[in-house]
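Engineer:
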Amino acid sequence: MAHKILPWLMLLLTQLLLLTVEIDAKVPAVIVFGDSSVDTGNNNKIQTVLKSNFKPYGRDFEGGKATGRFCNGRVPGDFISEAFGCRPLVPAYLDPSYSINDFATGVCFASAGTGYDNATSEVLSVIPLWKELEYYKEYQKKLKASMGDEKANEIIHEGLYLMSLGTNDFLENYYSTFSSRSSKYTVEQYEDFLAGIAGNFITELYGLGARKISLGGLVPMGCLPLERTRNLFTGSGCNEDHNKVARDFNVKLSVLTAKLNKELPGIKLVLSNPYDIFLDIVQKPSQYGFESSAVACCATGMFEMGYLCDQYNPFTCKDANKYVFWDSFHPTEKTNSIVADHIVKTCLAEFL
Ligand SMILES: *[C@@H]1O[C@H](CO)[C@@H](O)[C@H](O)[C@H]1NC(C)=O
6 MAHKILPWLM LLLTQLLLLT VEIDAKVPAV IVFGDSSVDT GNNNKIQTVL KSNFKPYGRD
66 FEGGKATGRF CNGRVPGDFI SEAFGCRPLV PAYLDPSYSI NDFATGVCFA SAGTGYDNAT
126 SEVLSVIPLW KELEYYKEYQ KKLKASMGDE KANEIIHEGL YLMSLGTNDF LENYYSTFSS
186 RSSKYTVEQY EDFLAGIAGN FITELYGLGA RKISLGGLVP MGCLPLERTR NLFTGSGCNE
246 DHNKVARDFN VKLSVLTAKL NKELPGIKLV LSNPYDIFLD IVQKPSQYGF ESSAVACCAT
306 GMFEMGYLCD QYNPFTCKDA NKYVFWDSFH PTEKTNSIVA DHIVKTCLAE FL
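And the structure:
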């Protein structure tokens, strides 16, 4: 008799466990703002050349689908959402295949190519940060209309908000040849200008009801393959000046975080600083199971991203898990997973 009941018991137990896992979400929703580091497909729906909804992007994603994530697979917001017991894929707000009911457990407003500075989003005609916030306000209205004020307010107050942007303000804007920003501001002044915008954004988000907020720091951006390629004639190492800018900016974000935690009652703002773990991966790739951190998987790995990273390029690597970078500007899914896991266990641990 026992041998007949046992399998059923096991099945029941497994299902109960699965059920608990589902109910056991640590936050009702993960809500994402930012740039290509976390965009899950919003740029598919706007007029810009900065897209990634074609092969080989998404090569290692569920069904090999190119969703508009700038990666071979998932991006950090997806991994963080999953770690908090929410959905393993955070849907893009502009994707018409999702409804407000889907967005109630997670939504992404990020747009590849954007930055804190309005001028940054203009470079490639992408969604400026202020517009991401306008979409968020619209989201709140739809949420309230769909599930009532009480349930909507719970999602708004208890949800985990992720912000991940800033790299483009420096690399696409300040340090680009045609930028007017570098004649107007020293880099320190520009860092202050951006941190000021970040502060205003967080204060507005707080005013709209958000409490648990993760402000993302910069990675060592001077080590992105594109930056190394620009250094080709001096040995193709990391651009140490740009790494210093990232570190300095992160210090400013850290000061801002402490200040806002004092000023805004009930806010729980944390700085999710990926700099050290990311640099460690770049400097010691083999310790993390990678073979290369200097060049990316896609195409020659030196400068291609977006449309230049196309499926007919014969140089694209076979196994992206051996590479820290997927294209010249973006990490592989494996790197995203390691960095997100680290951030969840350190910076975001208080929300778990
Ligand atoms: C960015 O543009 C928006 C919309 O025009 C404006 O409200 C905002 O003040 C601008 N931000 C800065 C820092 O200039």
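Positions 6 to 357 (my numbering) are the ones given, in order, by the sequence shown. C-beta: ideal position from N, C-alpha, C; glycine also.
Express the C-alpha separation of residue 163 and residue 26 in angstroms, rounding to a whole number.
Structural biologist: Note on residue 26: pLDDT 47, under 50, position unreliable in the model; no value is reported.
Engineer: Just to check, is the beta-carbon of residue 360 closer than 7 Å to a non-hydrogen atom of ligand 1?
Structural biologist: Lying before the first or after the last residue shown, residue 360 is absent from the chain, which here runs from 6 to 357.
Engineer: May I have a chain-ordered list of the alpha helix (DSSP H) segments no shorter than 4 residues that lie completely inside the segment 220-285?
Structural biologist: For the segment 220-285, whole alpha helix (DSSP H) runs of length 4 or above, ordered along the chain, are 230-235 and 245-268.
Engineer: Please state whether DSSP places residue 25 in a helix, a strand or coil.
Structural biologist: Here residue 25 scores only 47 on pLDDT, less than 50, and its place in the model is too uncertain to base an answer on.
Engineer: Let me make sure I understand the geometry here. Which of 134, 61 and 35 has the alpha-carbon closest to that of residue 159?
Structural biologist: 35
Engineer: So is residue 143 buried or exposed if we call it buried at 16+ other beta carbons inside 10 Å?
Structural biologist: exposed
Engineer: Return the chain-ordered list of same chain residues with a C-beta closer than 7 Å to the C-beta of residue 174, the five sequence neighbours on each side being excluded.
Structural biologist: 120, 121, 122, 125 and 199
Engineer: Excluding the 5 residues preceding and the 5 following residue 355 in the sequence, name in chain order all residues of the same chain whose CB lies nearer than 6 Å to its CB.
Structural biologist: none
Engineer: Taking the beta carbon of residue 3 as the centre, do at least 16 other beta carbons fall within 10 Å, making it buried, or is it exposed?
Structural biologist: The structure shown does not extend to residue 3, since the chain spans only 6 to 357, so no value can be given for it.
Engineer: What are the start and end residues of each continuous beta strand (DSSP E) run of 3 or more residues lying completely inside the segment 106-148, in chain order?
Structural biologist: 111-113
Engineer: Roughly how far, in whole angstroms, is the beta-carbon of residue 169 from the beta-carbon of residue 221, given that I think they are within contact range, below 8 Å?
Structural biologist: 4 Å
Engineer: Between the Cα of residue 284 and those of 161, 329 and 150, spot the shortest distance and give me the residue it belongs to.
Structural biologist: Taking only the C-alpha atoms, the option nearest residue 284 is 329.
Engineer: Residue 198 lies in the alpha helix (DSSP H); which residues open and close that run?
Structural biologist: 192-212
Engineer: In or out: residue 361 buried (at least 16 other Cβ within 10 Å) or exposed?
Structural biologist: Outside the displayed span of the chain (6 to 357) sits residue 361, for which this structure offers no information.
Engineer: Can residue 133 be considered in contact with ligand 1, in the sense that its beta carbon sits closer than 7 Å to one or more heavy atoms?
Structural biologist: yes
Engineer: Rounded to the nearest angstrom, what separates residue 171 and residue 234 at their Cα positions?
Structural biologist: Cα to Cα, the separation comes out at about 21 Å.
Engineer: State yes or no: is the C-beta of residue 178 nearer than 7 Å to some heavy atom of ligand 1?
Structural biologist: Residue 178 Cβ: outside cutoff for every heavy atom of ligand 1.
Engineer: Thinking just about the alpha-carbon of each residue, which of 90, 99 and 56 is nearest to the one in residue 75?
Structural biologist: 56
Engineer: Check residue 310 in the structure and name its three-state DSSP category.
Structural biologist: coil
Engineer: May I ask whether a heavy atom of ligand 1 can be found less than 7 Å away from the beta carbon of residue 123?
Structural biologist: yes
Engineer: Please state the DSSP three-state secondary structure of residue 51.
Structural biologist: coil
Engineer: Are the beta-carbon atoms belonging to residue 72 and residue 58 less than 8 Å from one another?
Structural biologist: Yes, these two residues count as a Cβ contact at 8 Å.
Engineer: What residue range does the beta strand (DSSP E) around residue 37 cover?
Structural biologist: 35-39
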